[in-house]
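Step one of this worksheet: look at the structure below.
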Amino acid sequence: MKRAIPVVALSVLGLISVWRYEPSLGPTETTAAPDPAPSASAGPPGSSTVIVEGTTITTEKGPVQVRATFEGDRITAVRMLQQPNHPQTKTAVPKLVAQTLEVQSADVDTVTGATITSDAYKESLQAALDAKGG
Amino acid sequence: MGFPVSLRVDDEDVPERAADAVFAWLREVDERFSPFKPGSEVSRHGRGELEPHELSEDLVEVLGLCERYRLATGGAFDVRLPGRGFDPCAVVKGWSVQRGAQLLRAAGARRFCLNAGGDVVASGGPWRVGVRHPEHAGRLCTVLELTDGAVATSARYERGDHIIDGRTGHPATALLSMTVVAATLTEADSVATAAFAMGAEGIEWAASLAGCEVFAVVAGGQVLRTADFPVAEEPSADV
Chain A
1 MKRAIPVVAL
11 SVLGLISVWR
21 YEPSLGPTET
31 TAAPDPAPSA
41 SAGPPGSSTV
51 IVEGTTITTE
61 KGPVQVRATF
71 EGDRITAVRM
81 LQQPNHPQTK
91 TAVPKLVAQT
101 LEVQSADVDT
111 VTGATITSDA
121 YKESLQAALD
131 AKGG
Chain B
1 MGFPVSLRVD
11 DEDVPERAAD
21 AVFAWLREVD
31 ERFSPFKPGS
41 EVSRHGRGEL
51 EPHELSEDLV
61 EVLGLCERYR
71 LATGGAFDVR
81 LPGRGFDPCA
91 VVKGWSVQRG
101 AQLLRAAGAR
111 RFCLNAGGDV
121 VASGGPWRVG
131 VRHPEHAGRL
141 CTVLELTDGA
151 VATSARYERG
161 DHIIDGRTGH
171 PATALLSMTV
181 VAATLTEADS
191 VATAAFAMGA
201 EGIEWAASLA
211 GCEVFAVVAG
221 GQVLRTADFP
231 VAEEPSADV
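Protein sequence lines, in the order shown, are assigned to chains A and B.
Residue numbers are given in the UniProt record's numbering: position 105 of the first sequence equals residue 105, and the series is strictly consecutive.
Residue numbers are given in the UniProt record's numbering: position 117 of the second sequence equals residue 117, and the series is strictly consecutive.
Below you can see the structure in the form of structure tokens.
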């Protein structure tokens, strides 16, 4: 059991550092702090709902402002009041490039295409490439 | 389903039997997985003659892939269409050719190009892979460069309206061709067929998959491709 003591002590130390840790929301911390600051408005009477509007923060992508709703000391909703109109803030939609259909001839090693039957193969580009390769 | 297979191996120290092993494997796949052979494992499974414990590991793997893409496409890709037998060819082809490429690697091949009926596994490139033009059989619509990876194309121009949108039961006709580049042919071939079955919305679906690059020709002749589709440098003057 001797060994258990330093382990327990370490665990306690670990816990203390967790307790001491205050969640940081980064640059938006000031806006979401559970401090009924001047910009806060009380919710409906009889409830502990507090709505806090953050200040507008300018980021390199544009202005950001959030509104956080607290039930007691718990955040129950966060709404973006302002957000940059920037692709990164939207859902990751694949970026597609549109172009016109070209007709090319070029030196290639092989050809991809819809599955061809053995008959069609005789006339295909791939057959020509295979013949060239010997 | 008969299709031509072309194999080019540039490593000098790879024995001929490595290539023989690839072709033997593909013949074995045809025997076991062809829905056109009444005695194949696939046909027997399709007729409900096999108990779950009688399925081979390979067939279980194929069934898993089929189900994965059926779910991912909202049923557009379906290997069990009403009125048709169980036909997992769209998955089996890419999966089996990828396995063939792994046999080559295991035998020491590093620089090779395996083309099975238009589906390509490339290793140790750069390899220049032409994409067949959907309207001109002898021409290309783009050229891509592959170092290590796979590319597959689904289209109607060779075998007609053979890809059915499982949601409607009708042939998928919104796309002229759908070419997908991925790390393995298992993925490239399945995704190309599944996206083709979905139609126009299949372009965004395939493009959103991590590791997939897409080159789609829409009916009418417009091309939509992902920004990172590996288009080869302009061909040199010897065209």
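Every residue, glycine too, gets a C-beta built ideally from N, C-alpha and C.
{"query": "Report all residues from its chain with a CB closer than 7 Å to the CB of P230 of chain B; omit the five preceding and five following residues, and keep chain order.", "result": "L144, E145, L146, V181, E213"}
{"query": "Per DSSP, what are the beta-bridge partners of R80 of chain B in this structure?", "result": "R80 of chain B is not bridged to any residue."}
{"query": "I want to verify the contact list: residues of chain A whose CB lies under 9 Å from the CB of E57 of chain B, in sequence order.", "result": "Neighbours of E57 of chain B on chain A: none; closest Cβ ~26 Å, over 9 Å."}
{"query": "Between the alpha carbons of V131 of chain B and G54 of chain A, how many angstroms are there, rounded?", "result": "53 Å"}
{"query": "So V79 of chain B and D87 of chain B are in contact, right, with Cβ under 8 Å, and what is the actual spacing, rounded?", "result": "6 Å"}
{"query": "Would you mind reading off the limits of the beta strand (DSSP E) that contains G149 of chain B?", "result": "149–155"}
{"query": "Going along the chain, which unbroken runs of the alpha helix (DSSP H) with 4 or more residues stay wholly within the stretch 86–166 of chain B?", "result": "89–106"}
{"query": "For the stretch 4–60 of chain B, which segments carrying the beta strand (DSSP E) assignment without a break, of at least 3 residues, lie completely within its bounds, in sequence order?", "result": "5–9"}
{"query": "When you compare the stretch 10–20 of chain B with the stretch 173–187 of chain B, are there three or more beta-carbon pairs, one atom per stretch, that lie closer than 8 Å?", "result": "no"}
{"query": "Quick one: is E158 of chain B buried, meaning 16 or more other Cβ sit within 10 Å of its Cβ, or exposed?", "result": "buried"}
{"query": "Within the continuous beta strand (DSSP E) that includes V97 of chain A, where are the two ends?", "result": "96–100"}
{"query": "Just reading off the beta strand (DSSP E) that A197 of chain B is part of, what are its end residues?", "result": "Counting along the chain, A197 of chain B falls outside any beta strand (DSSP E), though it belongs to the alpha helix (DSSP H) covering 185–198."}
{"query": "For the structure I just gave you, are there three or more beta carbon pairs, one from the stretch 206–226 of chain B and one from the stretch 96–103 of chain A, closer than 8 Å?", "result": "yes"}
{"query": "Can you tell which of B:L81, B:G85, B:A150, B:E51 has the C-alpha that lies nearest to the C-alpha of S34 of chain B?", "result": "B:G85"}
{"query": "What is the C-beta distance between Q82 of chain A and P63 of chain A, in whole angstroms, given that I count them as a contact (C-beta under 8 Å)?", "result": "5 Å"}
{"query": "Less than 8 Å between CB atoms is the rule here; does Q98 of chain B satisfy it with respect to chain A?", "result": "no"}
{"query": "Within this structure, are the beta carbons of C66 of chain B and V91 of chain B separated by less than 8 Å?", "result": "yes"}
{"query": "Check whether the Cβ atoms of Q104 of chain A and R139 of chain B sit closer than 8 Å, and answer yes or no.", "result": "yes"}
{"query": "Provide the residue span of the alpha helix (DSSP H) that contains L125 of chain A, from first to last.", "result": "125–133"}
{"query": "Under 8 Å between the Cβ atoms of A76 of chain B and T112 of chain A?", "result": "no"}
{"query": "Against chain B, does K90 of chain A count as a neighbour if the rule is that its beta carbon must be under 8 Å from one of theirs?", "result": "Confidence in K90 of chain A is poor, its pLDDT being 43 and thus under 50, which makes the residue's placement too unreliable to answer from."}
{"query": "So with CB distances below 9 Å, who are the chain A contacts of S154 of chain B?", "result": "A114, T115"}
{"query": "Can you grab the Cα-Cα spacing for the pair R70 of chain B / E201 of chain B, in whole Å?", "result": "15 Å"}
{"query": "Measuring only the C-alpha atoms, how far is V5 of chain B from T173 of chain B?", "result": "27 Å"}
{"query": "Give the secondary structure of E234 of chain B by DSSP, where H, G and I count as helix, E and B as strand, and everything else as coil.", "result": "coil"}
{"query": "Would a check of beta-carbon distances place R84 of chain B closer than 8 Å to chain A?", "result": "no"}
{"query": "Given a limit of 9 Å on CB to CB distance, which residues of the stretch 93–104 of chain A reach chain B?", "result": "V93, P94, K95, L96, V97, A98, Q99, T100, L101, E102, V103, Q104"}
{"query": "Does any residue of chain B have a CB that is nearer than 8 Å to the CB of A106 of chain A?", "result": "yes"}
{"query": "Could you please give the first and the last residue of the uninterrupted alpha helix (DSSP H) stretch that includes A207 of chain B?", "result": "201–207"}
{"query": "Taking only beta-carbon atoms, is E71 of chain A less than 8 Å away from chain B?", "result": "no"}
{"query": "If the cut-off is 8 Å on Cβ atoms, which residues from the stretch 122–133 of chain A count as contacting chain B, listed in chain order?", "result": "E123, S124, L125, Q126, A127, L129, D130, G133"}
{"query": "Measure from the C-beta of A207 of chain B to each C-beta in chain A and report whether the shortest distance is under 8 Å.", "result": "yes"}
{"query": "In angstroms with no decimal places, state the Cα-to-Cα distance between residue 323 of chain B and D30 of chain B.", "result": "Chain B is shown from 1 up to 239; residue 323 of chain B falls before or after that span and cannot be answered."}
{"query": "Listing by chain order, which chain A residues have their CB less than 7 Å from the CB of V217 of chain B?", "result": "L101"}
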